[in-house]
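Numbering (full-length UniProt numbering), first residue to last: 1 to 539.
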């Protein structure tokens, strides 16, 4: 398919339409003329079985049980809570897999999951992705257990087809991509008519991988930006009927490179990539309310988009009106919600992209962000980066915050990584201001980029090095004198978080480009291909 900027927020009435489209699609497929296996009537259809399985892989340091009372669930956890799980009456099964770095106690089932050890969580999962392989093995075992044990052998010959949906965020999206490849390789056979699940008695049941819903895939398996072990092969198989991948335009941490669904310069026919404003967890969810003085409601826009996409694909999820009151609150977002109007205004102000690839679409957001940060620097109002923290912390303390330095983001061993936003507002404010002031300092350097390590007594003085195309883009945005629209200011100051500020465990800065992996190729923000091991890119 292709890549595009995110669309308008979904209105509540659109969910019903999406569900109706999903139902019509299923009925049309069942009774299409070329479906020689039947069913041939509605009565016949009632005699057949249609198992529906959904798997939800949560992101790094995201855990439904731990995060629910803290009101900081990821979008994958929220989608799982909306999933229908009723095998006996409706043939529907849903499984949730907590994120790496968090505890995961496995239900032991003889012959399926009994050989898998529990994961206590911890720093190796956060920094290296340790525990991801075990989670993939668990999902594969649960897939088999559901069909072989919960359904039982006599049911296999009555199965018309099996439907599968898969969701993932961050390293959970990496797990989802590795899982679907391993599932096809080990549990299925490819035929001219599509995938067939290999039942233990020799029965072959059609398997439809209807939908994959991914939020901002990050691998970093074995270390930052690495693709070792289970993170090595992530291309979306052609048997997946539809895959949508939501990308965070403002994420720039070097340890969080994006794994695009693109292959080299082309998108597979079954994949669509969509670019959203926000950092990693603004798109995939997971911030608590008011962290960094910002609301976490921006993540509801991609959440609702994903729910509608899944419903159109026939994934068995509840409509918001069918959810209980507590669950429905996770999805509420009316037209009168402030974030909706700010988002609309922001997207309307977004400059036209210089190209049609994901790098160019991301750069349009980065340009607007640099323009906004330049505006508040010129107006001596950089406390605007504090959002709702402003007024809650000392003005004197804010004025004395120095620019951040490389030492604020050391290359820590992955077993010492810290992901969480610090709890004290004063520390959050210090981090936000320090990164803004570091950016201002960097822009000044870019105007005359002389290596500071050159000897002070060198004569003649060393010549400035050439600026990169990306650095030229930063300066062009910074020097734009027009004030950004109020909607842009409102969204960036009060909804888009600063993931660099609170990530003090690995080198990163607001002026960094984001790495992008595209299967076998790499690209820079200036859209020039760079072939290198690891298949990275940058935007």
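Backbone N, C-alpha and C fix where the C-beta goes; we use that ideal spot for every residue, glycine too.
Quick one, which of the options has its alpha-carbon nearest residue i's?
i           : options            : result
residue 417 : 257, 9, 507, 359   : 507
residue 8   : 326, 308, 154      : 308
residue 101 : 152, 171, 55       : 171
residue 468 : 482, 447, 462, 484 : 447
residue 471 : 443, 451, 498, 488 : 443
residue 410 : 253, 337, 286, 372 : 253
residue 78  : 112, 278, 302      : 302
residue 379 : 105, 484, 393, 449 : 484
residue 594 : 342, 63, 464, 505  : The structure shown has nothing for residue 594, since the chain only spans 1 to 539.
residue 264 : 279, 357, 314, 344 : 357
residue 187 : 247, 488, 142      : 142
residue 137 : 111, 496, 328, 162 : 111
residue 285 : 272, 465, 268, 248 : 248
residue 99  : 84, 87, 313, 124   : 124
residue 4   : 116, 121, 336, 361 : 361
residue 511 : 117, 251, 151, 128 : 251
residue 368 : 349, 385, 377      : 349
residue 66  : 86, 105, 359       : 105
For residue i, count the other beta carbons within 10 Å of its own beta carbon; 16 or more makes it buried, fewer makes it exposed. Which is it?
i           : result
residue 262 : buried
residue 296 : buried
residue 375 : buried
residue 13  : exposed
residue 60  : buried
residue 481 : exposed
residue 382 : buried
residue 27  : exposed
residue 498 : buried
residue 436 : buried
residue 461 : exposed
residue 246 : buried
residue 195 : buried
residue 428 : buried
residue 542 : Since the first and last residues shown for the chain are 1 and 539, residue 542 lies out of range.
residue 18  : buried
residue 486 : exposed
residue 158 : exposed
residue 529 : Unreliable placement is indicated for residue 529, whose pLDDT of 44 sits below 50; the coordinate value is still reported in the next sentence. Residue 529 comes out exposed.
residue 117 : exposed
residue 561 : Because residue 561 is not part of the residues shown, which for the chain are 1 to 539, the question remains open.
I'd like the list of long-range same chain contacts for residue i, defined as Cβ closer than 8 Å, with 5 residues on each side in sequence excluded.
i           : result
residue 363 : 353, 354, 473, 525, 539
residue 434 : 401, 402, 403, 404, 408, 501
residue 176 : 55, 57, 166, 167, 168, 212, 214
residue 331 : 78, 82, 300, 303, 304, 307, 320, 323
residue 201 : 153, 156
residue 491 : 277, 298, 339, 342, 343, 345, 346
residue 11  : 335
With DSSP as the reference, identify every bridge partner of residue i, one or two as the case may be.
i           : result
residue 191 : 194
residue 3   : 273
residue 554 : As shown, the chain starts at 1 and ends at 539. That puts residue 554 outside it, with no answer to give.
residue 285 : 74
residue 162 : 207
residue 248 : 276
residue 212 : 166, 243
residue 266 : 263
residue 83  : 317
residue 106 : None, per the DSSP bridge assignment.
Enumerate in chain order the residues of its own chain whose CB-to-CB distance from residue i is below 7 Å, with the five nearest sequence positions on each side excluded.
i           : result
residue 199 : 156, 205
residue 310 : 165, 211, 213, 317
residue 494 : 294, 295, 387, 388
residue 412 : 505, 506
residue 68  : none
residue 431 : 501, 502
residue 49  : 91, 155, 158, 159, 160
Once you ignore the five residues that flank residue i on each side, which residues in its own chain have a CB closer than 6 Å to its CB?
i           : result
residue 426 : 393
residue 370 : 474, 477, 478
residue 531 : Any reading at residue 531 must be qualified, since the residue scores a pLDDT of 38, below 50, and its modelled position is unreliable; the value itself is stated next. No residues qualify anywhere along the chain.
residue 209 : 164, 239, 240
residue 315 : 165, 211
residue 533 : Unreliable placement is indicated for residue 533, whose pLDDT of 39 sits below 50; no coordinate value is reported for it.
residue 281 : 287
Return yes when the C-beta of residue i is under 8 Å from any heavy atom of the ligand NAD, and no when it is not.
i           : result
residue 413 : Ligands are entirely absent from the displayed structure, and the ligand NAD is therefore not among its contents.
Is residue i close to chain D, meaning its C-beta is less than 9 Å from at least one C-beta of that chain?
i           : result
residue 382 : Going by chain labels, chain D is absent from the structure shown, which holds only one protein chain.
- [ ] Specify whether the stretch 234 to 253 and the stretch 138 to 147 touch according to this definition: at least 3 beta carbon pairs, one from each stretch, less than 8 Å apart.
- [x] no
TODO: Check whether the stretch 81 to 95 touches the stretch 49 to 56, counting contact only when three or more Cβ pairs, one atom from each stretch, lie closer than 8 Å.
DONE: yes
Task: Three or more C-beta pairs below 8 Å linking the stretch 311 to 328 and the stretch 284 to 294 - done: no
Task: the stretch 159 to 170 contacting the stretch 74 to 88, beta-carbon criterion three pairs below 8 Å - done: yes
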